[in-house]
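Colleague: Below you will find the structure I want to go over with you.
Residue numbers (this note's numbering): 896 to 1225.
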């Protein structure tokens, strides 16, 4: 169907365009609120500044589409296909994208405020500068989380977002806002989280193997049983964080702030904690074999039953620390 005929029918009151073929059509400034495009063929369409509020795109094919400045507030995209689509400056606030395929799609400076992104495929999706505050990624029935493998999420706002179980391995989250986000059991292996805000985030049992967390804010975050082997934590703020039974062996954590952090039974073998602040940290039963603590501040730290065998403590401050044998260092 040509764009002229399509718009003329809508102007006459027709809203049901299920399974319509609009492949390759261009629309500028069209007001199509509440239109029904379920199952429509929209491959390669070019929509600019169009209004699709409360429209239904369920099962629609939007592969290779170009969407610029469009408003999709409260629109429905259940099981729709956006593969290779290019979206710039679009609004998807409170939109329902359950089960949508966004593989290889690009969303630049788009808003997904409080949108439903459960069961969405975001493999290698680009979301640069987009806002996803309050979006829900969790699958129903607590199944495996969303796939964001290799996704570009630089500076994305994900504050309070539920990403439990999500696969964010190799994703770029540099400068993102993940404050108080739920990343329980999420896979962030080799992800770039440099200068990311993770204050108060739930990262229990999260996989952060070889992740870059340099300069990130992890204050009061929960990292119990997290896998941080080989992670980059230089200059990160982990003050008051919970890292009980976490694995940090071979991590680079020079100048890290672990003041008042809980590291009971944590594995810190060969971790580089040069110049780290561990004042009042709890390291009960922690494994610190061959850990580099040169110049670290361990004032009033609790090292009860900790394994300090061959740990490097040159120039470290241990004033008033509770030592492995129960004595207080003077």
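C-beta atoms are modelled at their ideal positions from N, C-alpha and C, and glycine is treated no differently.
Please read all numbers here as calculations on a predicted model, not as lab measurements.
1) Nearest to residue 1159 by alpha carbon, out of 1168, 1178, 1170?
2) Which runs of the beta strand (DSSP E) at least 3 residues long sit entirely within the region 1091-1147? Give them in chain order.
3) What residue range does the alpha helix (DSSP H) around residue 898 cover?
4) Excluding the 5 residues flanking residue 1052 on each side, which residues of the same chain have their C-beta closer than 7 angstroms to its C-beta?
5) Just mark residue 1041 as buried or exposed, buried being the case when its beta carbon has 16 or more other beta carbons within 10 Å.
6) Under 8 angstroms, do residue 966 and residue 946 count as touching if we go by C-beta distance?
7) Assuming residue 1109 and residue 1089 form a contact by the criterion Cβ under 8 angstroms, report the distance between their Cβ atoms to the nearest whole angstrom.
8) Using only alpha-carbon positions, find the residue among 1031, 1023, 1016, 1057 that is nearest to residue 1043.
9) Using a Cβ-Cβ cutoff of less than 7 angstroms, which residues in the same chain neighbour residue 923 once the five nearest sequence positions on both sides are dropped?
10) Which runs of the beta strand (DSSP E) spanning at least 3 residues fall entirely within the region 941-975, listed in chain order?
11) If you draw a straight line from the alpha carbon of residue 948 to that of residue 1047, how long is it in whole angstroms?
12) Can you check whether the CB of residue 1097 is closer than 8 angstroms to the CB of residue 1077?
13) DSSP state of residue 1021, grouped into three classes?
14) Below 6 angstroms CB to CB, which residues in the same chain sit around residue 925 once its five sequence neighbours on both sides are set aside?
15) Helix, strand or coil for residue 1212 per DSSP?
16) On the CB-based measure, 16 or more other CB atoms within 10 Å of its CB, does residue 903 come out buried or exposed?
17) Compute the Euclidean distance between the alpha carbons of residue 1057 and residue 1033, then round it to the nearest angstrom.
Modeller: In short, the structure shows the following:
1) 1178
2) none
3) 898-906
4) 1026, 1027, 1028, 1072
5) Residue 1041 should be labelled buried.
6) Yes. Within cutoff.
7) 5 angstroms
8) 1016
9) 943, 944
10) 941-943, 961-963
11) Looking at the two C-alpha atoms, the distance is approximately 27 angstroms.
12) yes
13) Residue state, collapsed to three classes: strand.
14) Listed in chain order, the non-local C-beta contacts of residue 925 below 6 angstroms within the same chain comprise 945, local neighbours out to five positions each way being set aside.
15) Annotated three-state conformation of residue 1212 is strand, per DSSP.
16) exposed
17) Rounded to the nearest angstrom, the two C-alpha atoms are 6 angstroms apart.
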